[in-house]
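Chemist: Encoded as structure tokens, here's the structure I'll be asking about.
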Amino acid sequence: MFLKRLEVMGFKSFADRIGIDFVPGVTAVVGPNGSGKSNVTDAIRWVLGEQSAKSLRGAKMEDVIFAGSDSRKPLNFAEVTLILDNTDGRVPLDYSEISVTRRVFRSGESAYLLNKQNCRLKDITDLFMDSGLGKEAFSIISQGRVDEILNSKAEERRSIFEEAAGVLKYKQRKKKAEVKLNETDENLNRVLDILHELDGRMEPLQIQASTARDFLDMNEQLKDADIALLAYDAGNLEQELSRLANDAAEHSAKEQQLSTEINDKERLVAKIRKTLFDMDNKIDKAQNALVEASAETEKWQGRKLLMSEKKSNADRQALQLQENLEAEKQENELLKKKHSEQLALLEERKSERQSIRIAIQQLEEQLNRTPADIEIEIENCKSIYIDLMNEQATVKNEFKNINLQEQQLTESSGRINTQRADFSAELSKLKAEKVRAEKDVQEVRSTLDAKRQQYKESEADYQQQKQAFEQKQSMLFQAYQSQKQLTARIETLQELEADFSGFFQGVKEVLVAREKGQLQGIRGAVAELAQVEKNYAKAIETALGASSQHIVTETEQHAREAIDFLRKKRAGRSTFLPMTVMKPRTIPEHTLATVSKHPSYISMAFKLVNYDPQYSMIIENLLGNVIIAEDLKGATAIAKATGNRFRVVTLEGDIVNAGGSMTGGANKTQASFFTRKAELDQLLIQATELEETILTAEKTVRKEQERVKAAEENIRILQTEGEKYRDMEAESSILLREIEAVLKTTLERYDIFEAEQKNKEYDLTAVTKRKEAATTRLDSIVGELNDITVKIDELTLFKQQNESARDQVLEKLAEQKSLYAVTKERVAQLTASEAELFERLEKSSQKLQDHQKELEWIQSEEAAKVYSDEEILQEIKVWSAKKIQIQQTINETKELRAKEQSSLNNLEENLKEQQRIYKGYEEAIRIYEVKSTRLEVQIQSFIAQLETNYQLTLEQAKQFEMKDEETAVRRKVKLLKQSIEELGPVHIGAIEEYEHVSDRHAFLTEQRDDLNEAKETLRTLIREMDGEMTSRFDDTFHAIRIQFQRAFKELFGGGAADLVLTNPKDMLMTGVEIIAQPPGKKLQNLSLLSGGERALTAIALLFAILNVRPVPFCVLDEVEAALDESNVVRYSQYLKKFSEDTQFIVITHRKGTMEGADVLYGITMQESGISKLVSVKLEEKT
């Protein structure tokens, strides 16, 4: 095996990717101080797994990434790849060439690759274990290792020999064994403490357990006897309850018949009362209509008189207004005509006044000009003419100069444009290349960022999927547990249903006989046929009482057959409800309408029960006249509203009986027929829903598991892709920087030409503007010369004419001013006259409008309020006839009402008598129900004791037979209770606790023995490790000692040296002293030698170690730095000889070492902060 190639990218000062090819023999890496040649050693150490940033001359691992320089930006990652030739199979992999890669990113992420496949650091360290490679082996020897040999104490120097002997792993094993031994001692002490504690608890627990066993034996006897007595007493009560139920049924039948008669009469009473109410309403309406008809008659009679008087007044007023309106119209037209004429005259005078004002201004301007003024103005114009001629000559000369400058600037600008176009084309090409390179970098970075984001999202998704999978799995296990509990409860309730638990003995016998086919026509108990919501169950159960156990039969014959069956078997009694004869009980509609408005009213009891319609007669017979109220207070109020004729039951089970008595309180909570049945139905629904939930959950868990696997695979794929895109990013970034450097230089030269061109363009623009200004000025001067010539001629002519015409102008001006004063006075008079006419016209128009509106109002009022005599007389006739008809209707209705009232009085008297009899029946039934309730409470008390104390149903308890007479059994129960009391407090858990403590004591005893055995095993292992380390250290030390003596003589060209143990008796702790005698000197300790001698001695020791523990290749980092030239030559020669079996990579700056190398690589720093590589292969001299 040998090191074939090293590739570095972004590691420390290696900003660009470099590759160093190594050959068997000696490869030297040279360069000046600070060039970065030792970074090659650090790169090899780092890629082999070095985790200490300090060992790599850094503070943190990210410091190995290229940090940038004055001309380079920092990189985002560092990468080193080591390629090994493995043709000899020294590394246990089926590859002839092995590549190891390590990457670190500035974000803190890192990666290891083995043959370009992701792996762990542990995989790499395990691969090179015992191969002579690795960060801790002698494959890398730096100046620091030499200093370690030179400066260490004898005991510290021992570690070098231990490392060479390979005893470090045994020391680690021994250390782990010692830690385990300490832990075993601690565990043993804890076990002994617990055993001591358990020994003190064993004896008292044994006594308590014996007492508990006696208690359980007597309690079991007591249980059998007590259960038998409870079942016996409950059976007797059930028979008494069945007898009461039959008596109550007889009274109930009579009550039902009478109730039907009372209801019929109450309906008739209600009907008559409604009829009376309708008649009263009819009479009231008729009387109101009579009052209205009288008022309308009087109104029309008054209107007749009023209309006659109004008609005559309106005619006179309209005639007067018509006359006034015509006069006003004539006056208004005359005023309009005068006003128009006045306005026209006013405008004419204003126009005349303006013309006179303009003429006066013109005459005054002519008079203001004197002959002297005109002469001065002529001289001024001549002076301006001369100035303009001079300026024209100056501008023409300037125009010629401007044309010459423009020609020169145009030629210069053309030359610059040609050169600039050449650079522009080059820039365009470079910019295009840069855009492409930036696009490539951006695309790669975007893809890399996307891959990183995808990786983060995938990692988050994986964690989320994993968490979701675990949650779903946990929920599934919980669902399994819930299903198990739910199934157990359903089975318990179904067993109670199948055993008819809670039914009286007679009822149960009939229902069992029905199941066996011994009885026909048995539909079931009322409790079986009715379903009630849970929140109404207590109220309905209380309302039914013992009736819930009444048995419904198809016919009376089936009921008689069932009674005969009970009589023959002497199996108890029961009440039967034949469907063919049962009739419903009801509450009168008016009574129900009254109570339903009460806030505490909930419903009629039968409406809260769910049942098959064929059983409606049965349910309405039992509950048809029972009212359900919210609470006892409301129930009392509802009962009073019904005259205490019907039972009212609250949701809590309190009762206000017919007649006013109340029953209430509370028993121990126990499951009733209805609540048990409702619970079973609800549980069956829940079981079905839970089964569906579990199936869905199982599918979900499988899907979540598949998602987790898919997420793991996605993460692996993204890691591979990320590595590929990181390589692409590095290559793209390097190409982009090269293009940017060329572009920068070209752009600077282009900017120079661009600046020159802008200057020329600026100058040319300025010249053009000056030329345009000169042209414009010449044209302006020509115009101005023409204008000034014309003006001089005009002024000369005016001067000649002005003197003769001045008197005429003065005369004309006086005439115009006099005419202007007259015209102004006329305008003022016409304005005042026009304003007065306008005011009169406005008043006339307003007055005309007012008269017109008044006339229209009178005419419309007249039309609206005038009625003909025939219409008024007709209205009076109609309303008088209505009065007579309404009065007749009132009289007839009052006669009919008197007859209906008499019938109602008679019917109510008869109804009161029947209600009195009905209350008597209700009271009798109530007494039966109270007695039945008392018996039911006692029976339920026995059932509750059985369920609470023994978890048995009454039917199960009846299986316990009384082995003696009743009296003897009761005496036995009493004695057993006394004996149990005499035992005092009993700790039932002591039995289990004693067994637990006993088992734990046995277990801990076994643990104590195991710990003692483990303790001895660890001591034996430590002794074996000590023996192995002693043997290995001794063998390796003597082997190195021999090789050291030989290497010393070769390197020094004579002399002697030795290695001495400081404490040979203790091979595990002894130190190692180095004794050296260079040629011509005495034998002395290493510390007494010169610096060069000490360094060469240390190098001899390192070569001796390499002879004993050979490695495939060795990196020597300036180990010969302290040697003089002659010693360097001997070191180089020895190295050359040694390289026949070992490949050497030497970091050096010594000439002698360089001369002995097969290949030289130079590390330079041409660019500040960036190391570059150059290589020279040295041919052998023949």
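For the sequence shown, the tail end lands on 1735 under my numbering, and the numbers increase by one without skipping. Even for Gly, the Cβ is constructed at its ideal location relative to N, Cα and C.
1. Given a cut-off of 9 angstroms on the beta-carbon distance, is the pair THR1695 and LEU1659 in contact?
2. Name the two residues that bound the continuous alpha helix (DSSP H) containing GLY1059.
3. Name the two residues that bound the continuous beta strand (DSSP E) containing ILE1180.
4. Please name the residue in GLY661, SER663, HIS749, GLY1537 whose C-alpha comes closest to that of MET1558.
5. Thinking C-alpha only, which one of GLU1183, TYR1303, ALA568, GLY1196 is nearest THR1144?
6. Buried or exposed for ASP1711, going by 16 or more other Cβ atoms inside 10 Å?
7. Considering only their Cβ atoms, is the gap separating PRO1141 from GLY1177 smaller than 9 angstroms?
8. Note down, in chain order, each residue of its chain lying with its Cβ closer than 6 angstroms to the Cβ of ALA798, except the 5 sequence neighbours on either side.
9. Please confirm whether ALA596 and PHE564 have their CB atoms less than 9 angstroms apart.
10. Could you check what DSSP says for LYS1087 in three-state terms: helix, strand or coil?
11. From which residue to which residue does the alpha helix (DSSP H) around SER1169 run?
12. ALA1381: which of GLN1007, LEU898, LEU1243, ASP647 sits nearest, CA to CA?
13. By Cβ distance below 8 angstroms, which residues in the same chain neighbour CYS672 in space, the five residues on each side in sequence not counted?
14. For GLU1732, which residues in the same chain have their Cβ closer than 6 angstroms to its Cβ, ignoring the five residues on either side in sequence?
15. Grab the span of the alpha helix (DSSP H) containing THR1504 for me, first residue to last.
16. Short check: CB of ARG1703 to CB of VAL1681, under 9 angstroms?
17. If we count the other Cβ atoms within 10 Å of its Cβ and call it buried at 16 or more, is GLU1489 buried or exposed?
18. Please state if the CB of VAL600 and the CB of VAL579 are separated by a distance shorter than 9 angstroms.
19. Can you tell me whether DSSP reads PRO1131 as helix, strand or coil?
20. In terms of DSSP beta bridges, what is SER652 paired with?
21. For ARG1198 and ILE1180, I'd like the C-alpha separation in whole angstroms.
22. Under 6 angstroms Cβ to Cβ from THR1095, same chain only, skipping five residues before and after it: list those, please.
23. Would you mind reading off the limits of the beta strand (DSSP E) that contains GLN1073?
24. Where does GLU1671 sit, in a helix, a strand or coil, going by DSSP?
25. Rounded to whole angstroms, what's the CA-CA distance from GLU1415 to LEU829? Just pull it up for me.
26. Counting only the same chain and skipping the five closest in sequence on each side, list residues whose C-beta sits under 7 angstroms from that of THR737.
27. Looking only at C-alpha atoms, which of LEU1130, GLU1693, LEU1536 sits nearest to ALA802?
28. For LEU1097 versus GLY1059, is the C-beta spacing smaller than 9 angstroms?
29. GLU819: which of THR1650, ILE1492, GLN1467, LYS1091 sits nearest, CA to CA?
30. Tell whether a beta-carbon distance below 9 angstroms holds between VAL657 and PHE630.
31. Are the CB atoms of GLN761 and HIS1540 within a distance shorter than 9 angstroms?
32. Can ARG1076 and GLU1107 be called in contact, C-beta distance under 9 angstroms?
33. Starting from the C-beta of LYS1734, find all residues in its chain whose C-beta is less than 6 angstroms away, skip the five residues before and the five after it, and write them out in chain order.
34. Quick check on this structure: which residue in GLU979, TYR1714, LYS835, LEU1331 has the alpha carbon closest to the alpha carbon of GLU1448?
35. What's the gap between the Cα of GLU1265 and the Cα of GLY1275?
36. I'd like the ranges of any alpha helix (DSSP H) spanning at least 4 consecutive residues and lying wholly in the stretch 1669–1730.
Modeler: According to the structure shown:
1. As a working mapping, residue 1695 is identified with position 1142 in the sequence shown. As a working mapping, residue 1659 is identified with position 1106 in the sequence shown. In this structure, LEU1659 lies closer than 9 angstroms to THR1695 by Cβ.
2. On the sequence shown, position 506 is the one that residue 1059 refers to. Counted as a single uninterrupted DSSP element, the alpha helix (DSSP H) harbouring GLY1059 occupies residues 1058–1069.
3. As a first step, residue 1180 must be located in the sequence shown, where it is residue number 627. That run of the beta strand (DSSP E) goes 1179–1182.
4. Residue 1558 sits at position 1005 when you count from the first residue of the sequence shown. Reading off the sequence, residue 1558 comes out as Thr, not Met. Of the candidates GLY661, SER663, HIS749, GLY1537, the one whose C-alpha sits nearest the C-alpha of THR1558 is HIS749.
5. Residue numbering aside, residue 1144 sits at position 591 when the sequence shown is read from its first letter. When each option's Cα is compared against that of THR1144, the closest is GLY1196.
6. If you number the sequence shown from 1, residue 1711 lands on position 1158. Burial call: buried.
7. If you number the sequence shown from 1, residue 1177 lands on position 624. If you number the sequence shown from 1, residue 1141 lands on position 588. Result no, Cβ atoms of GLY1177 and PRO1141 do not sit closer than 9 angstroms.
8. Reading the sequence shown from its first residue, position 245 is the one you call residue 798. Same-chain partners within the cutoff: ALA1099, THR1128.
9. One-based indexing of the sequence shown puts residue 596 at position 43. One-based indexing of the sequence shown puts residue 564 at position 11. Contact flag set, yes.
10. Walking along the sequence shown from the start, residue 1087 turns up at place 534. Here DSSP, grouped into helix, strand and coil, assigns LYS1087 to helix.
11. Against the sequence shown, residue 1169 aligns to sequence position 616. Looking at the DSSP string, the run of the alpha helix (DSSP H) that includes SER1169 is 1169–1176.
12. For this step, residue 1381 is matched to residue 828 along the sequence shown. When each option's Cα is compared against that of ALA1381, the closest is LEU898.
13. By one-based count along the sequence shown, residue 672 stands at place 119. Contacts found: TYR665, LEU666.
14. Start at 1 with the first residue of the sequence shown, and residue 1732 comes out as number 1179. No answer about GLU1732 holds up, because its pLDDT of 48 lies below 50 and its placement is not dependable.
15. As a position in the sequence shown, residue 1504 is number 951, starting the count at 1. Before going further, note that residue 1504 is Gln rather than Thr in the sequence given. Per DSSP, GLN1504 belongs to no alpha helix (DSSP H) and is neither H nor E.
16. Along the sequence shown, read from residue 1 onward, the residue named residue 1703 stands at position 1150. Along the sequence shown, read from residue 1 onward, the residue named residue 1681 stands at position 1128. Yes. Within cutoff.
17. As a first step, residue 1489 is located in the sequence shown; it is residue number 936 there, counting from the start. Looking at its Cβ environment, which holds 16 or more other Cβ atoms inside 10 Å, GLU1489 is buried.
18. Stepping through the sequence shown from its first residue, residue 579 is reached at position 26. Stepping through the sequence shown from its first residue, residue 600 is reached at position 47. No, they are not a contact pair.
19. Along the sequence shown, one-based indexing puts residue 1131 at 578. Strand at PRO1131.
20. Residue 652 sits at position 99 when you count from the first residue of the sequence shown. Beta-bridge pairing links SER652 to ILE636.
21. Taking the first residue of the sequence shown as 1, we reach residue 1198 at position 645. Taking the first residue of the sequence shown as 1, we reach residue 1180 at position 627. When rounded, the distance between both Cα atoms is 11 angstroms.
22. Within the sequence shown, the letter at position 542 stands for residue 1095. Answer for THR1095: VAL1202, GLY1206, listed in chain order.
23. The residue given as residue 1073 occupies position 520 in the sequence shown. Segment: none, GLN1073 is in no beta strand (DSSP E) and carries neither H nor E.
24. As a working mapping, residue 1671 is identified with position 1118 in the sequence shown. Coil at GLU1671, not helix or strand.
25. Along the sequence shown, one-based indexing puts residue 1415 at 862. Along the sequence shown, one-based indexing puts residue 829 at 276. In this predicted model, GLU1415 has a pLDDT of only 47, less than 50, meaning its place in the structure is not dependable; the value taken from the coordinates is given anyway. In a straight line, the C-alpha of GLU1415 is about 52 angstroms away from that of LEU829.
26. Residue numbering aside, residue 737 sits at position 184 when the sequence shown is read from its first letter. Same-chain partners within the cutoff: LEU1564, ALA1567, LYS1568, LEU1571.
27. On the sequence shown, residue 802 is found 249 positions in, with the first residue counted as 1. Closest in alpha carbon position to ALA802, among LEU1130, GLU1693, LEU1536, is LEU1130.
28. Position 544 of the sequence shown holds residue 1097. Position 506 of the sequence shown holds residue 1059. Here LEU1097 is not near GLY1059, since their CB atoms are 9 angstroms or more apart.
29. As a working mapping, residue 819 is identified with position 266 in the sequence shown. Comparing C-alpha distances from GLU819 to each of THR1650, ILE1492, GLN1467, LYS1091 shows the shortest one belongs to GLN1467.
30. Numbered from its first residue, the sequence shown carries residue 657 at position 104. Numbered from its first residue, the sequence shown carries residue 630 at position 77. Cβ atoms of VAL657 and PHE630: closer than 9 angstroms.
31. On the sequence shown, position 987 is the one that residue 1540 refers to. On the sequence shown, position 208 is the one that residue 761 refers to. The criterion of a C-beta distance shorter than 9 angstroms is satisfied by HIS1540 and GLN761.
32. To locate residue 1076, count along the sequence shown from 1; it is residue 523. To locate residue 1107, count along the sequence shown from 1; it is residue 554. Going by C-beta atoms, ARG1076 is nearer than 9 angstroms to GLU1107.
33. Looking up residue 1734 in the sequence shown gives position 1181. Interpretation of LYS1734 is limited by its pLDDT of 37, a score under 50 that renders its predicted location unreliable; no figure is taken from the coordinates.
34. By one-based count along the sequence shown, residue 1448 stands at place 895. Looking only at GLU979, TYR1714, LYS835, LEU1331, the smallest Cα-Cα distance to GLU1448 is reached by LYS835.
35. Your numbering for residue 1265 matches position 712 in the sequence shown. Your numbering for residue 1275 matches position 722 in the sequence shown. Between GLU1265 and GLY1275, the C-alpha separation is close to 15 angstroms.
36. Listed in chain order, they are 1678–1691, 1704–1708.
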